[in-house]
């Protein structure tokens, strides 16, 4: 989506001198106002320049990539999340691993009655304990899980972009997707697990957008 | 980047009737050729329509998303890959796990002399063996690795998009980045490991593009 040299010249003029009227731009370029119209239309259309009636053209700094950003921002966690794989707090570490293998996931969520998130156990957590020689059959999953207070979560309505940023910034493989638990008598801050957002989900979205299929599937 | 109703009408006309000249479009819309110019310029600029001299306008089917695709396709594996974490074929399974923990990676590459890729061992592979009660100290990593013949790889010059697609399609967490080994006496098809492409790398690119930083950072 390249601009012509004249369009780039106009964009630069609007950036440095804006707001500037079409007449002023035409004068500086020694062309007629009519001749400028297609170029200005393109710049406005591209989002790079905006027109304000009775004021003139001003620069927005947007480009194709910003438009993409807006597009990506419309995709929400609920549009791409996976189903959560859960075990209850009473499960043994051994059975948690069996669940991981059966479901082929890197981590399982440990939940209390009502689907309340209690913790997360990953392959890494179990491997660490197994290496230490502990008997996984006798060890409750509660002992080795990361407790809910230390877990980074996301919500169904969060834009996938900020959720992906959480994954990168906190160096985790997945985020539990949670909603406030609204059962009677719940403690404040209790959350029900409704999904799982993984780097696989993000990679899949990346492929779909990259292949030009993102616009139709989401939002 | 929305089109006006008239632009959409023109795009549809070009799609169904193209190649079609500007005069023909103007006639069908009962407007002057001059009045059409900005709309046609925008459609050409957006990439959706192309103009062929002495033939007319024809439809390309491209849109903003396709332009994004082109942009994403310029990012190569070498622009985003991580350094490979390797152990040698003689390493024990136990020491391979220690390396995984020290480097905080989900899998390590097993290499032969000269950095030739021999296999991959993941947390999952080791966990499976550990659950079976085997002594990891006595087990060579060679026994539990996925051999090179079954490994999906990528190259430094591959577009990140097709590499990401390999990760999704083959349900793997990472791809070794390899180049043909050019040492004397190598067997055909031997490859040297030069990097590691993970879902973390892809997720990071996704965040960077989504935040509008992709265009400057790559290719």
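Protein chains in written order, with our numbering: chain A, 10 to 228; chain B, 10 to 228. Note that the Cβ used here is the ideal one computed from N, Cα and C, for glycine as well.
Name the chain A residues whose beta carbon is nearer than 7 angstroms to that of residue i?
i                     : result
residue 47 (chain B)  : 46, 47 and 50
residue 212 (chain B) : 173, 176, 177, 208, 211 and 212
residue 65 (chain B)  : Under the 7 angstroms cutoff, chain A gives no residues; its nearest Cβ is about 18 angstroms from residue 65 (chain B).
With the cut-off set at 7 angstroms, would you say residue i and residue j are in Cβ contact?
i                     : j                     : result
residue 114 (chain A) : residue 130 (chain A) : no
residue 105 (chain B) : residue 96 (chain B)  : yes
residue 68 (chain A)  : residue 29 (chain A)  : no
residue 121 (chain A) : residue 94 (chain A)  : no
residue 35 (chain B)  : residue 26 (chain B)  : no
residue 201 (chain A) : residue 124 (chain A) : yes
residue 89 (chain B)  : residue 181 (chain B) : no
residue 317 (chain B) : residue 102 (chain B) : Outside the displayed range of chain B (10 to 228) lies residue 317 (chain B), so it cannot be described from this structure.
residue 209 (chain B) : residue 86 (chain B)  : no
residue 56 (chain B)  : residue 42 (chain B)  : no
residue 219 (chain A) : residue 216 (chain B) : no
residue 161 (chain B) : residue 175 (chain B) : yes
residue 54 (chain A)  : residue 51 (chain B)  : yes
residue 83 (chain B)  : residue 48 (chain B)  : no
residue 154 (chain A) : residue 119 (chain A) : yes
residue 132 (chain B) : residue 136 (chain A) : yes
residue 211 (chain B) : residue 13 (chain A)  : no
residue 139 (chain B) : residue 139 (chain A) : yes
Does DSSP classify residue i as helix, strand or coil?
i                     : result
residue 85 (chain B)  : strand
residue 186 (chain B) : strand
residue 9 (chain A)   : What the structure shows of chain A is the stretch from 10 to 228, and residue 9 (chain A) is not part of that stretch, so it cannot be assessed.
residue 31 (chain B)  : helix
residue 138 (chain A) : helix
residue 168 (chain B) : strand
residue 121 (chain B) : strand
residue 152 (chain B) : helix
residue 115 (chain A) : coil
residue 199 (chain A) : coil
residue 52 (chain A)  : helix
residue 216 (chain A) : helix
residue 17 (chain B)  : helix
residue 36 (chain A)  : helix
residue 226 (chain B) : Summary for residue 226 (chain B): the model assigns pLDDT 47, below 50, so the residue's position carries little reliability; its value from the coordinates is reported in the next sentence. If DSSP states are grouped into helix, strand and coil, residue 226 (chain B) belongs with the helices.
residue 10 (chain A)  : In this prediction, residue 10 (chain A) scores a pLDDT of 44, lower than 50, which makes its location untrustworthy; no coordinate-derived value is stated.
residue 145 (chain B) : coil
residue 209 (chain A) : helix
residue 96 (chain B)  : strand
residue 157 (chain B) : helix
residue 64 (chain A)  : coil
residue 181 (chain B) : coil
residue 26 (chain A)  : helix
Which residues in chain A sit within 8 angstroms of residue i, going by Cβ to Cβ distance?
i                     : result
residue 139 (chain B) : 136, 139 and 140
Give the interface partners of residue i over in chain A, defined as CB-CB distance under 9 angstroms, in chain order.
i                     : result
residue 170 (chain B) : 215, 216, 219 and 220
Going along chain B in order, which residues have a C-beta closer than 7 angstroms to the C-beta of residue i?
i                    : result
residue 81 (chain A) : 219
Checklist entry - With contact counted as at least three CB pairs below 8 angstroms, one residue from each stretch, are the segment 51-62 of chain B and the segment 158-175 of chain B in contact? => result no
Item to check | Chain-ordered residues of the segment 103-133 of chain B with a beta carbon less than 9 angstroms from chain A | outcome: 103, 106, 107, 109, 110, 113, 115, 131, 132 and 133
Checklist entry - Are the segment 182-189 of chain A and the segment 200-219 of chain A in contact at 8 angstroms, needing three or more beta carbon pairs? => result yes
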